[in-house]
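Colleague: Be aware that the sequence shown starts at 0, since it is given in numbering that gives the first Met the number 0, and climbs by one per residue. Even for Gly, the Cβ is constructed at its ideal location relative to N, Cα and C. Note that the structure is a prediction, hence the values are computed from the model and not measured. Starting off with a structure, shown below.
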Amino acid sequence: MDIIEKVRKRERLTKKEGEALYDLDLYTLGELADEIRTEKFGKKSYFNINRHINPTNVCADICKFCAYSASRKNPNQYTMSHEQILEIVDNSVKNATKEMHIVSAHNPNDGVAWYMGAFRKIKDKYPNLHIKAMTAAEVDFLSREYGHSYDEILDMMIENGVDSMPGGGAEIFDEKVREYLCKGKVTSKQWLTIHQKWHERGKESNATMLFGHVETRAHRIDHMLRLRDLQDKTGGFNAFIPLVYQRDNNFLKVTEYPSGQEILKTYAIARILLDNIPHIKAYWATSTINLALIAQEFGCDDLDGTIEKESIQSAAGASSAKGMHLEDFVGLIKNSGFIPVERDSLYNELKVYA
Ligand code: V47
Numbered sequence: 000m001d002i003i004e005k006v007r008k009r010e011r012l013t014k015k016e017g018e019a020l021y022d023l024d025l026y027t028l029g030e031l032a033d034e035i036r037t038e039k040f041g042k043k044s045y046f047n048i049n050r051h052i053n054p055t056n057v058c059a060d061i062c063k064f065c066a067y068s069a070s071r072k073n074p075n076q077y078t079m080s081h082e083q084i085l086e087i088v089d090n091s092v093k094n095a096t097k098e099m100h101i102v103s104a105h106n107p108n109d110g111v112a113w114y115m116g117a118f119r120k121i122k123d124k125y126p127n128l129h130i131k132a133m134t135a136a137e138v139d140f141l142s143r144e145y146g147h148s149y150d151e152i153l154d155m156m157i158e159n160g161v162d163s164m165p166g167g168g169a170e171i172f173d174e175k176v177r178e179y180l181c182k183g184k185v186t187s188k189q190w191l192t193i194h195q196k197w198h199e200r201g202k203e204s205n206a207t208m209l210f211g212h213v214e215t216r217a218h219r220i221d222h223m224l225r226l227r228d229l230q231d232k233t234g235g236f237n238a239f240i241p242l243v244y245q246r247d248n249n250f251l252k253v254t255e256y257p258s259g260q261e262i263l264k265t266y267a268i269a270r271i272l273l274d275n276i277p278h279i280k281a282y283w284a285t286s287t288i289n290l291a292l293i294a295q296e297f298g299c300d301d302l303d304g305t306i307e308k309e310s311i312q313s314a315a316g317a318s319s320a321k322g323m324h325l326e327d328f329v330g331l332i333k334n335s336g337f338i339p340v341e342r343d344s345l346y347n348e349l350k351v352y353a
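Next up, the structure:
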C-alpha cells in the first residue's frame, strides 16, 4: 500500500516507511500531519503559563552541545540557595505562573537533599503549583553519584512534591551518536527505563529529541520509534518535543544546520509516526516563535508556554532568555488562525481564548 494511503487510513508506519516520509514534499507532509492534528484538536493550540528555573550550572557531565554548564565556555558558576529559588517562585506565582519547570546541571557538590529540599519547600508553600522537575539525566546522575537506585530517587521525588517529569536528557537515542555527543551521561536504555518506572508510578512525563546537529534523518526516526514502543507499554508520555539544536558557545562542531523546511518536516513526521503520544510541542525557544506559529499547520498543537526566563537554550543562542508576555503570546496564536487554549501541565483546559 502507498505510504500516503496508509497514513490516511491511520495505519501504523514501520521504520522504513518513517524514513521514507522525509522524501515526501513539505506540503504533502504538512497536509497529512494537519489532518491528524485537526482530527484530534481542531484549531486549538495549547500553552501554559510557566516559569523555567535552572538552579545550578555546575555539572559533572560533559555534553558537547551544552553551552549552559559552567567550566566549559562559560566560567560563571552558580548554584542557587533554596531561599533564592523560593524568591523566584514567589515572584512567578504573583505573575500567575502555574508550573515551575525546574532543570539543573549535574552538580556533584550539593547532594540529593539540596534537590529534594527545594521541591519540598516549594510544595509546602504552594501546594497547587505544579512542579515539573528532574530530567531522567538528573535522576541517573543522582543515582550514580549518591548510590541510590532509580526507584529510590523517583520515590523521593514523589514524596517531595514533584508532579511530572520534563522530557530533557533524551538527546538522540542512537548509541554511536550519543557516545559522541554526551559520553558518560544517562544511556538511551536508562533514559527509557527511568520514564517507564515513573509512568508505572501513575505519573506523566514528556520526551524530547535534540536534532539538527550530527544526527541523520534515520536516527530521528529511530528515536521516535523507541518512544512509540515505550508509550505502547505505559501510555505515560504527554508530549513529544523536538528541540532544534542551538549552535553558540559550545563544543559541538556542526557544518550544516537544518533549514526551516527540514524542521517543519520533522515536526510533521513526529505527528504522523507518534500515533500514541497526544501532543507534539513546537518549543518556540529553539524553533523561534515565527516557525513555531507555522508549525501549528504542520502537526504541532502545543507551543510550551510563556517561559518567563530560560537559561539552557538561551546560553546556546536561543531567544528565550526573557520569555514572552501572555497577551503577546495569545495574540500571536490568534493572528495565526488558531485558538489559544491555556492548559495546566497535564493538558486539562483552563481557559479558551475564543
Ligand atoms: O535535554 C541543551 C537541550 C534540554 C542545547 O518537558 C539544547 O516540556 C538546543 O528538557 N540546543 C533541556 N537544546 C530542556 C528540556 C525541555 C525544554 C522544553 C520543554 C520541556 C518539557 C523540556 O535542553 C536538554 C538538551 O537536549 N539542550 N543544549 C542546545 N545547544
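Taking only the alpha-carbon atoms, compute the straight-line gap between residue 46 and residue 238 and give it to the nearest angstrom.
Modeller: Translated into the one-based positions of the sequence shown, residue 46 becomes position 47. Translated into the one-based positions of the sequence shown, residue 238 becomes position 239. Near 12 angstroms, if we compare the C-alpha coordinates of residue 238 and residue 46.
Colleague: From the DSSP output, in three-state form, read off residue 99 for me.
Modeller: In the sequence shown, the residue the question calls residue 99 occupies position 100. Note: residue 99 maps to strand in three-state DSSP.
Colleague: Residue ranges of each beta strand (DSSP E) run of no fewer than 3 residues wholly in the stretch 110-181, ordered along the chain?
Modeller: Listed in chain order, they are 129-132.
Colleague: Cβ-heavy atom distance between residue 65 and the ligand V47 below 7 angstroms?
Modeller: On the sequence shown, position 66 is the one that residue 65 refers to. Yes, since a heavy atom of the ligand V47 falls inside the 7 angstroms radius drawn around the Cβ of residue 65.
Colleague: Can you tell me the Cβ-Cβ gap for residue 158 and residue 103, rounded? I've got them flagged as a contact below 8 angstroms.
Modeller: Translated into positions along the sequence shown, residue 158 becomes position 159. Translated into positions along the sequence shown, residue 103 becomes position 104. Going by Cβ atoms, the distance from residue 158 to residue 103 rounds to 19 angstroms, so no, they are not a contact pair.
Colleague: So, is residue 10 buried or exposed, given that buried needs 16 or more other C-beta atoms within 10 angstroms?
Modeller: If you number the sequence shown from 1, residue 10 lands on position 11. It counts as exposed.
Colleague: Assuming residue 11 is part of the alpha helix (DSSP H), what are its boundary residues?
Modeller: The count along the sequence shown starts at 1 and reaches residue 11 at position 12. Segment: none, residue 11 is in no alpha helix (DSSP H) and carries neither H nor E.
Colleague: May I have the straight-line CA-CA distance separating residue 51 from residue 83, to the nearest angstrom?
Modeller: As a working note, residue 51 is residue 52 in the sequence shown. As a working note, residue 83 is residue 84 in the sequence shown. Whole-angstrom Cα-Cα distance: 14 angstroms.
Colleague: What's the call for residue 196, buried or exposed, on a 16-neighbour Cβ count within 10 Å?
Modeller: Along the sequence shown, read from residue 1 onward, the residue named residue 196 stands at position 197. That one is buried.
Colleague: Helix, strand or coil for residue 185? Go by DSSP, reduced to three states.
Modeller: In the sequence shown, residue 185 corresponds to position 186, counting from 1. The answer is coil: DSSP assigns residue 185 none of H, G, I, E or B.
Colleague: How about residue 245 and residue 316: are their beta carbons less than 8 angstroms apart?
Modeller: Position 246 of the sequence shown, counted from the start, is the residue given in the question as residue 245. Position 317 of the sequence shown, counted from the start, is the residue given in the question as residue 316. Yes.
Colleague: Where does residue 324 land, buried or exposed, given buried means 16+ other C-beta within 10 angstroms?
Modeller: Here residue 324 corresponds to residue number 325 of the sequence shown, with the count starting at 1. So residue 324 ends up on the exposed side.
Colleague: What residue ranges within the stretch 256-291 form continuous alpha helix (DSSP H) runs of no fewer than 4 residues, ordered along the chain?
Modeller: Fully enclosed alpha helix (DSSP H) runs of 4 or longer: 259-272, 283-286.
Colleague: Between the beta-carbon of residue 176 and the beta-carbon of residue 218, is there less than 8 angstroms?
Modeller: Taking the first residue of the sequence shown as position 1, residue 176 is located at position 177. Taking the first residue of the sequence shown as position 1, residue 218 is located at position 219. Going by C-beta atoms, residue 176 is nearer than 8 angstroms to residue 218.
Colleague: Measuring alpha carbon to alpha carbon, tell me which of 44, 3, 4, 21 ends up nearest residue 334.
Modeller: Residue numbering aside, residue 334 sits at position 335 when the sequence shown is read from its first letter. Nearest C-alpha to residue 334: 44.
Colleague: By DSSP, does residue 306 sit in helix, in strand, or in coil?
Modeller: One-based indexing of the sequence shown puts residue 306 at position 307. Looking at residue 306 - three-state DSSP - the assignment turns out to be coil, as it is neither helix nor strand.
Colleague: Any chance the CB of residue 303 is under 7 angstroms from a heavy atom of the ligand V47?
Modeller: Locating residue 303 in the sequence shown gives position 304, counting from the first residue. True, at least one ligand heavy atom lies under 7 angstroms from that Cβ.
Colleague: Any heavy atom of the ligand V47 inside 7 angstroms of the beta-carbon of residue 170?
Modeller: To locate residue 170, count along the sequence shown from 1; it is residue 171. Yes, the ligand V47 has a heavy atom inside 7 angstroms of this Cβ.
Colleague: With a threshold of 7 angstroms on Cβ separation, who are the neighbours of residue 331 within its own chain once the five nearest residues in sequence on each side are excluded?
Modeller: In the sequence shown, counting from the first residue as 1, residue 331 sits at position 332. 288, 292.
Colleague: Residue 161 and residue 133: beta carbons closer than 8 angstroms?
Modeller: The residue given as residue 161 occupies position 162 in the sequence shown. The residue given as residue 133 occupies position 134 in the sequence shown. Contact: yes.
Colleague: Could you tell me whether any non-hydrogen atom of the ligand V47 is closer than 7 angstroms to the CB of residue 106?
Modeller: Position 107 of the sequence shown, counted from the start, is the residue given in the question as residue 106. For the ligand V47, not one heavy atom lies less than 7 angstroms from the Cβ of residue 106.
Colleague: With DSSP collapsed to three states, give me the class of residue 251.
Modeller: Mapped onto the sequence shown, residue 251 falls at position 252. Looking at residue 251 - three-state DSSP - the assignment turns out to be coil, as it is neither helix nor strand.
Colleague: Would you check if the stretch 268-276 and the stretch 225-238 touch, i.e. whether three or more CB-CB distances between them fall below 8 angstroms?
Modeller: With the cut-off at 8 angstroms, the stretch 225-238 and the stretch 268-276 touch.
Colleague: How many whole angstroms separate the CB atoms of residue 17 and residue 262, which I take to be in contact at a CB cut-off of 8 angstroms?
Modeller: Position 18 of the sequence shown, counted from the first residue, corresponds to residue 17. Position 263 of the sequence shown, counted from the first residue, corresponds to residue 262. Contact flag wrong, Cβ pair sits at about 17 angstroms.
Colleague: Does residue 105 come out as helix, strand or coil in the three-state DSSP assignment?
Modeller: Position 106 of the sequence shown, counted from the first residue, corresponds to residue 105. Coil, per DSSP.
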